[in-house]
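Colleague:
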Amino acid sequence: MATHKLLLLAGDGIGPEIMAEMKRVLAWMEKAGVASFAIEEDLVGGSAYDAHGVAITDAAMDRAKAADAVFLAAVGGPKWAAVPYEVRPEAGLLRLRKDLGLFANLRPAICYPALADASSLKRDVVEGLDILIVRELTGGVYFGEPKTITDLGNGQKRAIDTQLYETYEIDRIARVAFELARTRRNLVTSSEKHNVMRSGVLWKEVVTQVHDADYADVKLEHNLADSLAMQLVRWPKQFDVIVTDNLFGDILSDIAAMLTGSLGMLPSASLGEADANGKRSAMYEPVHGSAPDIAGKGIANPIAMIGSLAMAMRYSFNQGDVADRIEKAISGVLDAGKRTADIKTEGCDVISTKAMGDALIAQLEAQG
Ligand code: NAD
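The working numbering puts the first residue of the sequence shown at 1141, with every later residue one more than the last.
Structure representation (structure tokens):
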């Protein structure tokens, strides 16, 4: 059995608490003989700043580059609100994304039937929802130059951000989306604003070219980003894989997240370019932040973190069967009425972070 090399970055706030539960699942997987891991750990975010004066050290970056997969729990918190901008906790996250070339951000929005009532939408709209948003993560308006604020000298200022995409950036993210759709329900919805933005015109053109040349077996639809936002809250189950740029992806994936009810449930993956052996650099992390309001209380939900491990088994290690087992354990725990406080519903058993880890491992064991 191949040994997977992992770097664990627990970070700040509830990060160490939820990472501890993921580590217990890793240990269970080794014991059960389903996977083998070589695990390293390091600091990121505020905890790295406290120890080293930076949000991530060069040594930790080297370890991240050498790993088959990086797991990051969460960074940030009020303690570091006043640290210099270049070394703020989020700078560690951004450096990881940039230096590992993580251009494809995958955010599944899955609504477990047991949690359908936690959504602000009606049960029949969200129950059984399973969509995947593929967001371009390293280009677009967040990075395009010029990016300036100029004082015009007449009491006015001018701010400029530049939305900028080149063909190769759209081509490679489109390929990720089409490949993923082939493993799911074979539908890709591409989203931009070609009616008002030149970058949208190019986006639509390149996605269509990639589709026609190499993925004609996958159904492709185009949907303007504003219309897609409406459709996501009207009838989200019509979608399978949604591919979009950095800005629209940021917004649309947060809408999709809320359909499912709780931040504590949502994992994500960020992938880089495939090398000659098909291996991609990869980072897996919950969508939520460091939740300083509940840090240290032992009540954080570890499911998004453990769901991120399931994504790694599927997308980095080609062990979709193990990913399925982890996800089945998650729905088993929810069906049994066990909930952390963030997802509690009437009549459920409210349990701690550690008890949720216990319950998940018990479910995995019960699967045999
Ligand atoms: P947050 O996601 O940390 O918390 C929002 C709310 O959701 C809080 O009430 C929190 O208690 C709850 N919550 C989040 N995750 C939970 C979990 N696993 N279990 C139970 N409840 C959970 O967002 P925020 O409060 O806006 O930000 C807090 C800090 O996290 C800030 O410093 C922010 O910059 C940082 N942040 C980091 C990341 C990241 O590391 N990727 C992402 C977002 C925010």
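Backbone N, C-alpha and C define an ideal beta-carbon position, used for all residues, glycine too.
Tell me, which residues are paired with lysine 1419 by DSSP?
Modeller: Start at 1 with the first residue of the sequence shown, and residue 1419 comes out as number 279. Note: lysine 1419 sits in no beta bridge, so no partner.
Colleague: Decide yes or no for the touch test of the segment 1256 to 1275 against the segment 1221 to 1237: beta carbon pairs closer than 8 Å, at least 3 of them.
Modeller: Too few Cβ pairs lie closer than 8 Å, so no.
Colleague: Should tryptophan 1220 be labelled buried (16 or more other beta-carbon atoms within 10 Å of its own) or exposed?
Modeller: Residue 1220 sits at position 80 when you count from the first residue of the sequence shown. The residue in question, tryptophan 1220, is buried, as its Cβ has 16 or more Cβ neighbours within 10 Å.
Colleague: Methionine 1396 and isoleucine 1300 look like a contact to me (Cβ under 8 Å); what is the Cβ gap, rounded to whole Å?
Modeller: The residue you call residue 1396 lines up with position 256 of the sequence shown. The residue you call residue 1300 lines up with position 160 of the sequence shown. What sits at residue 1396 in the sequence shown is alanine, not methionine. No, alanine 1396 and isoleucine 1300 are not in contact; Cβ-Cβ is about 30 Å, not under 8 Å.
Colleague: Per DSSP, what kind of secondary structure is glycine 1436 in: helix, strand or coil?
Modeller: By one-based count along the sequence shown, residue 1436 stands at place 296. Residue state, collapsed to three classes: coil.
Colleague: Which residues does DSSP pair with proline 1426 in a beta bridge?
Modeller: Locating residue 1426 in the sequence shown gives position 286, counting from the first residue. Paired residue(s): Pro1407.
Colleague: Return the residue from the list Ala1214, Leu1166, Arg1479 and Leu1146 that minimises the CA-CA distance to aspartate 1202.
Modeller: Looking up residue 1202 in the sequence shown gives position 62. It is Leu1146.
Colleague: What did DSSP end up calling valine 1174 once you bin it into helix, strand or coil?
Modeller: On the sequence shown, position 34 is the one that residue 1174 refers to. Three-state DSSP puts valine 1174 in coil, outside helix and strand.
Colleague: State the DSSP-derived secondary structure class of phenylalanine 1211, mapped to helix, strand or coil.
Modeller: What you label residue 1211 is simply residue 71 of the sequence shown in a count that begins at 1. Note: phenylalanine 1211 maps to strand in three-state DSSP.
Colleague: Among residues of its own chain, excluding the 5 on either side of glutamate 1170, which ones have a beta-carbon nearer than 7 Å to its beta-carbon?
Modeller: Here the question's residue 1170 lines up with position 30 in the sequence shown. Contacts found: Ser1176 and Phe1177.
Colleague: Quick check on the burial criterion: 16 or more other C-beta atoms within 10 angstroms. Buried or exposed for isoleucine 1289?
Modeller: Stepping through the sequence shown from its first residue, residue 1289 is reached at position 149. Under this definition isoleucine 1289 is an exposed residue.
Colleague: Is any non-hydrogen atom of the ligand NAD found closer than 6 Å to the C-beta of serine 1430, if you look at the structure I gave you?
Modeller: Here residue 1430 is taken as the residue at index 290 of the sequence shown, counted from 1. Yes, the beta carbon of serine 1430 sits closer than 6 Å to at least one heavy atom of the ligand NAD.
Colleague: What separation, rounded to the nearest whole angstrom, lies between the Cα atoms of alanine 1191 and leucine 1183?
Modeller: Within the sequence shown, numbered from 1, the residue matching residue 1191 stands at position 51. Within the sequence shown, numbered from 1, the residue matching residue 1183 stands at position 43. Rounded to whole angstroms, alanine 1191 to leucine 1183 spans 8 Å at the Cα level.
Colleague: Quick check on the DSSP output: the alpha helix (DSSP H) that includes asparagine 1386 runs from which residue to which?
Modeller: Indexing the sequence shown from 1 puts residue 1386 at position 246. Unbroken alpha helix (DSSP H) run through asparagine 1386: 1386 to 1399.
Colleague: Give the secondary structure of isoleucine 1443 by DSSP, where H, G and I count as helix, E and B as strand, and everything else as coil.
Modeller: Here residue 1443 is taken as the residue at index 303 of the sequence shown, counted from 1. Of the three classes helix, strand and coil, the one that applies to isoleucine 1443 here is helix, per DSSP.
Colleague: How long is the line joining the alpha carbons of lysine 1344 and methionine 1337, rounded to whole angstroms?
Modeller: Locating residue 1344 in the sequence shown gives position 204, counting from the first residue. Locating residue 1337 in the sequence shown gives position 197, counting from the first residue. Taking the Cα positions, lysine 1344 is about 11 Å away from methionine 1337.
Colleague: Say the cut is 6 Å; is the CB of asparagine 1441 nearer than that to a heavy atom of the ligand NAD?
Modeller: Counting from 1 along the sequence shown, the entry for residue 1441 is found at position 301. Asparagine 1441 Cβ: within cutoff of the ligand NAD.
Colleague: Taking the alpha-carbon of isoleucine 1250 as reference, which of Thr1493, Lys1297, Phe1457 and Ser1448 has the nearest alpha-carbon?
Modeller: Position 110 of the sequence shown holds residue 1250. The shortest Cα separation from isoleucine 1250 among Thr1493, Lys1297, Phe1457 and Ser1448 belongs to Ser1448.
Colleague: Less than 6 Å separating the Cβ of leucine 1474 from some heavy atom of the ligand NAD?
Modeller: Translated into the one-based positions of the sequence shown, residue 1474 becomes position 334. Every heavy atom of the ligand NAD is 6 Å or more from the Cβ of leucine 1474, so no.
Colleague: Under a Cβ-count criterion, where at least 16 other Cβ atoms within 10 Å of its own Cβ denotes burial, should tyrosine 1308 be classed as buried or exposed?
Modeller: Position 168 of the sequence shown, counting from 1, holds the residue named residue 1308. By the 16-neighbour rule on beta-carbons within 10 angstroms, tyrosine 1308 is exposed.
Colleague: Within this structure, are the beta carbons of glycine 1185 and aspartate 1208 separated by less than 7 Å?
Modeller: What you label residue 1185 is simply residue 45 of the sequence shown in a count that begins at 1. What you label residue 1208 is simply residue 68 of the sequence shown in a count that begins at 1. No. Outside cutoff.
Colleague: Please confirm if the segment 1481 to 1501 is in contact with the segment 1159 to 1173, defined as three or more CB-CB distances below 8 Å between the two stretches.
Modeller: Yes, since at least three Cβ pairs between the segment 1481 to 1501 and the segment 1159 to 1173 fall closer than 8 Å, the two stretches touch.
Colleague: Using the rule of at least 16 other Cβ atoms within 10 Å of the residue's Cβ for burial, across every protein chain shown, is threonine 1400 buried or exposed?
Modeller: Position 260 of the sequence shown holds residue 1400. It is buried - the Cβ of threonine 1400 has at least 16 other Cβ atoms within 10 Å.
Colleague: Can you give the beta carbon distance from aspartate 1380 to leucine 1327, rounded, assuming they're within the 8 Å contact cut?
Modeller: Counted from its first residue, the sequence shown places residue 1380 at position 240. Counted from its first residue, the sequence shown places residue 1327 at position 187. Correct: roughly 4 Å between the Cβ atoms.
Colleague: In whole angstroms, give me the CA-to-CA distance for serine 1418 and tyrosine 1455.
Modeller: For the purposes of this step, residue 1418 is identified with residue 278 of the sequence shown, where counting begins at 1. For the purposes of this step, residue 1455 is identified with residue 315 of the sequence shown, where counting begins at 1. Contrary to the premise, residue 1418 reads as glycine rather than serine in this sequence. If you draw a straight line from the Cα of glycine 1418 to the Cα of tyrosine 1455, it comes to about 11 Å.
Colleague: List the residues that DSSP assigns as beta-bridge partners of aspartate 1489.
Modeller: Locating residue 1489 in the sequence shown gives position 349, where the first residue counts as 1. Under DSSP, the beta-bridge partners assigned to aspartate 1489 are Lys1478.
Colleague: Does DSSP put arginine 1263 in a helix, a strand or coil?
Modeller: As a working mapping, residue 1263 is identified with position 123 in the sequence shown. Helix at arginine 1263.
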